[in-house]
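One structure is given here, and the rest of the page talks about it.
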Amino acid sequence: MELDRVGLLLRSPFLRGGQAEGGSRAVVDRNLRGRAQRADSWVRFSRLLRTENLTENLKSILDALDQWVELKGRHLPGSWAERMANLLERVGWPGDGVPDRRSWQAVQHLLELLQQFASLDRIGLPMSRSEAVSHLARQARETDFQVDRTESRVQVLGLLESAGQRFDSLWVMGLTDQTLPAPAAPNPFIPIALQVQHRMPHADADREYQFAHTSWQRLLGSAENIVASWPVSIEGAEPRPSPFLAGLPTLDADLAVSVRPHAVISAGGRPERLDDSAGNPLPPGRPFSGGTNLLKDQALCPFRAYLHQRLRAECLDEAEVGIDAMGRGNLVHLLLQYFWERMKTRDRLATQTPGPLASLLEELADRAIDSWQKRERVDLPPRQRRVEQQRLVRTGLAWIERELERPGFEVLAMEEQQEVAVGDLRLRVRADRIDMLEDGSRLVIDYKTGKPELDAWFDERVTEPQLPLYSLQISADRFAGAFFARVHCRRSDCDYLGVIRPEHAWDERRLARQEKKLAQMGHDSFQGLLEHWRTTLEGVANEFARGHAAVDPVDLDKSCRYCDGLPVCRLLEKLAQVETP
Numbered sequence: 005m006e007l008d009r010v011g012l013l014l015r016s017p018f019l020r021g022g023q024a025e026g027g028s029r030a031v032v033d034r035n036l037r038g039r040a041q042r043a044d045s046w047v048r049f050s051r052l053l054r055t056e057n058l059t060e061n062l063k064s065i066l067d068a069l070d071q072w073v074e075l076k077g078r079h080l081p082g083s084w085a086e087r088m089a090n091l092l093e094r095v096g097w098p099g100d101g102v103p104d105r106r107s108w109q110a111v112q113h114l115l116e117l118l119q120q121f122a123s124l125d126r127i128g129l130p131m132s133r134s135e136a137v138s139h140l141a142r143q144a145r146e147t148d149f150q151v152d153r154t155e156s157r158v159q160v161l162g163l164l165e166s167a168g169q170r171f172d173s174l175w176v177m178g179l180t181d182q183t184l185p186a187p188a189a190p191n192p193f194i195p196i197a198l199q200v201q202h203r204m205p206h207a208d209a210d211r212e213y214q215f216a217h218t219s220w221q222r223l224l225g226s227a228e229n230i231v232a233s234w235p236v237s238i239e240g241a242e243p244r245p246s247p248f249l250a251g252l253p254t255l256d257a258d259l260a261v262s263v264r265p266h267a268v269i270s271a272g273g274r275p276e277r278l279d280d281s282a283g284n285p286l287p288p289g290r291p292f293s294g295g296t297n298l299l300k301d302q303a304l305c306p307f308r309a310y311l312h313q314r315l316r317a318e319c320l321d322e323a324e325v326g327i328d329a330m331g332r333g334n335l336v337h338l339l340l341q342y343f344w345e346r347m348k349t350r351d352r353l354a355t356q357t358p359g360p361l362a363s364l365l366e367e368l369a370d371r372a373i374d375s376w377q378k379r380e381r382v383d384l385p386p387r388q389r390r391v392e393q394q395r396l397v398r399t400g401l402a403w404i405e406r407e408l409e410r411p412g413f414e415v416l417a418m419e420e421q422q423e424v425a426v427g428d429l430r431l432r433v434r435a436d437r438i439d440m441l442e443d444g445s446r447l448v449i450d451y452k453t454g455k456p457e458l459d460a461w462f463d464e465r466v467t468e469p470q471l472p473l474y475s476l477q478i479s480a481d482r483f484a485g486a487f488f489a490r491v492h493c494r495r496s497d498c499d500y501l502g503v504i505r506p507e508h509a510w511d512e513r514r515l516a517r518q519e520k521k522l523a524q525m526g527h528d529s530f531q532g533l534l535e536h537w538r539t540t541l542e543g544v545a546n547e548f549a550r551g552h553a554a555v556d557p558v559d560l561d562k563s564c565r566y567c568d569g570l571p572v573c574r575l576l577e578k579l580a581q582v583e584t585p
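For the sequence shown, the positions run 5 to 585 when our numbering is used.
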């Protein structure tokens, strides 16, 4: 069952309490998306939903749906129709309040369909619950529904609905050669010759023409004043008029100015242009809750930061099969955190033998999964849990081999959080790990299970600010360097990517690449890069504090490809207007 369908059910106004509790149910939907995998059944979704803070109305709806899903066996349509009607009553369909004319007629129409479905008992064919639902849904799709508007002077009808009626005036629209007559569309599962022989609907072009001719003659006799028209274009193509229009007098179709949309808009005067690129500045001295994502968003695009950090607007999470990439990354973080809590130093790691090391990782992988499940309030199926445990063990073994290539170190801190001042802001920063090297200097490490963007540290606006900002809190004489630790289940993909003082480098080739990169970006030394970080991060922080919120992405690909703010900033529409000649 799809998570999106569960979300539609939660937010439906057609269930008991749907309107009055719409806000709280939307929160439940958001929370569910943030922690649920793509479940394979309603039972799993129901279990997850019941861990949320639910209203009594929503609990009773879930109870009714749970009992409906538990129905087994094959029964006659009448029995299923009775149970469907009972389910609709228990969930409070069609919702609270008095329905309007259209809603009331739709309700009555569905009840009539249930009665028609129950009449299939005469056939005497029992069916399963899914077959019964599928049959009723198909019956509803194939049934025309036209709201009865007896008081309306204008009615919009289909071709079949107009049969036998008289009108004061009639406008027949959409008369192309593909609609009247319609092209033949024989049933692919029945021999065509048999369909033609028995004059079955849509069997051949001759029958479609005869049906269209009869319908057209009926329409011509149903009103004194008749207008027939066809569209100028359909999806960019110019359709041909129906052959039945040949010989009819033409009509000047110019509309009055008052009903031409473009003319009406133009008559309102020239549009006023308002360049609103700034929001309200932050009150001086008031702390602002936020982390380094604030600086990242501001560096990528000021409007993105204002949208996410000031307005707290964000899209709903998309459901993925199994554990998503973020969940797997969190599991790796937990595994390595627990591992270094036990191991402490590189020297102790070097004394471990493969067998006990693998057993330790299996134990810690189980612990990591338990912690993650408790935090996310999920319960992995046993088979999936075993797969994730094996993946964590392989990843841990691959990464440990890379750790052993380094000279001696001691893991000093993990998941350490600090509140730091940067420009006019105070932000919370967290380091995955801080190592103390043999001379007492500090190396800051951030685990990445994806591909880290090291070049972002050298950008003019530093679009990956977490490690640079944390590094600046360490005194210059004790700061050895900062690294992304790319952790992967394949050893060949495991690596350290970052910057380090030359005297602490353990790989000459890595140091040569670093010196070349610094020169390319205009930094004369390692210390020059640190000054670039400090100046840039303070400038970006002050921008945010002033309320600078212009739609100004630093790079369209980097800033906009995965941004959820595009429907709000409408940058793509603006660019399309510029490119249009």
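From the three backbone atoms N, C-alpha and C, an ideal C-beta is built for every residue, glycine too.
Remember, predicted model here, so these are calculated numbers, not experimental data.
Using a Cβ-Cβ cutoff of less than 7 Å, which residues in the same chain neighbour residue i once the five nearest sequence positions on both sides are dropped?
| i | result |
| --- | --- |
| cysteine 567 | Arg308 |
| arginine 410 | Arg350 and Trp510 |
Taking the alpha carbon of residue i as the point to measure from, which residue in the options has its own alpha carbon closest?
| i | options | result |
| --- | --- | --- |
| alanine 486 | Val137, Glu512, Leu124 and Gln518 | Gln518 |
| alanine 282 | Tyr310, Arg565, Asp528 and Thr355 | Tyr310 |
| aspartate 279 | Ser83, Asp556, Glu146 and Ser246 | Asp556 |
| arginine 316 | Arg332, Gln71 and Leu298 | Leu298 |
| glutamate 420 | Ser475, Ala402 and Thr399 | Ser475 |
| glycine 427 | Leu75, Gln143 and Pro288 | Pro288 |
| leucine 124 | Gly96, Leu80, Leu163 and Ser363 | Leu80 |
| cysteine 493 | Leu249, Leu75, Arg332 and Gln159 | Arg332 |
| cysteine 319 | Val31, Phe18 and Leu66 | Val31 |
| isoleucine 404 | Lys348, Leu447 and Lys578 | Lys348 |
| threonine 357 | Gln388, Arg395, Arg505 and Leu401 | Leu401 |
| glycine 412 | Arg51, Asp351, Tyr213 and Lys578 | Asp351 |
| valine 391 | Ala167, Arg126, Leu335 and Arg538 | Leu335 |
Return helix, strand or coil for residue i, following the three-state DSSP convention.
| i | result |
| --- | --- |
| arginine 434 | strand |
| glutamate 366 | helix |
| isoleucine 238 | strand |
| glutamate 466 | Just to set this straight, residue 466 is valine in the shown sequence, not glutamate. Note: valine 466 maps to coil in three-state DSSP. |
| arginine 15 | coil |
| threonine 218 | helix |
| arginine 105 | helix |
| glutamate 6 | coil |
| asparagine 284 | coil |
| proline 245 | strand |
| proline 585 | The predicted model places proline 585 with a pLDDT of 48, which falls under 50 and marks its position as unreliable; any figure quoted below should be read in that light. Of the three classes helix, strand and coil, the one that applies to proline 585 here is coil, per DSSP. |
| arginine 574 | coil |
| tyrosine 566 | coil |
| threonine 254 | coil |
| phenylalanine 149 | coil |
| valine 382 | coil |
To which residues of the same chain is residue i closer than 8 Å at the C-beta, ignoring the five residues directly before and after it?
| i | result |
| --- | --- |
| histidine 113 | Thr147 and Phe149 |
| glutamate 322 | Arg37 |
| alanine 554 | Ser281, Ala282, Pro306 and Phe307 |
Leaving out five residues before and five after residue i in sequence, what residues of the same chain have Cβ atoms less than 6 Å from its Cβ?
| i | result |
| --- | --- |
| lysine 452 | Phe488 and Arg490 |
| phenylalanine 343 | Leu368 |
| phenylalanine 530 | Arg505 |
| alanine 435 | Glu420, Val448 and Tyr474 |
Less than 8 Å between the C-beta atoms of residue i and residue j, yes or no?
| i | j | result |
| --- | --- | --- |
| threonine 296 | proline 456 | no |
| arginine 20 | asparagine 61 | yes |
| glycine 22 | serine 16 | yes |
| leucine 541 | valine 466 | yes |
| glutamine 341 | glutamine 422 | no |
| glycine 502 | leucine 534 | no |
| phenylalanine 193 | tryptophan 220 | no |
| lysine 521 | phenylalanine 462 | yes |
| glycine 99 | phenylalanine 18 | yes |
| alanine 232 | histidine 206 | no |
| glutamate 25 | threonine 59 | yes |
| glutamate 165 | alanine 186 | no |
| valine 544 | alanine 303 | yes |
| phenylalanine 49 | valine 10 | yes |
| valine 176 | leucine 252 | no |
| leucine 353 | leucine 408 | yes |
| leucine 471 | valine 448 | yes |
| aspartate 499 | arginine 406 | yes |
| alanine 216 | leucine 174 | no |
| leucine 339 | leucine 396 | yes |
Open item on the list: Check whether the segment 430-449 and the segment 369-376 touch, using three or more Cβ-Cβ pairs below 8 Å as the test.
Closed with: no
Task: the segment 128-140 contacting the segment 80-94, beta-carbon criterion three pairs below 8 Å - done: yes
Task: the segment 167-187 / the segment 231-247 touching (three or more Cβ pairs under 8 Å) - done: yes
Task: Contact the segment 87-96 vs the segment 66-77: 3+ CB pairs below 8 Å - done: yes
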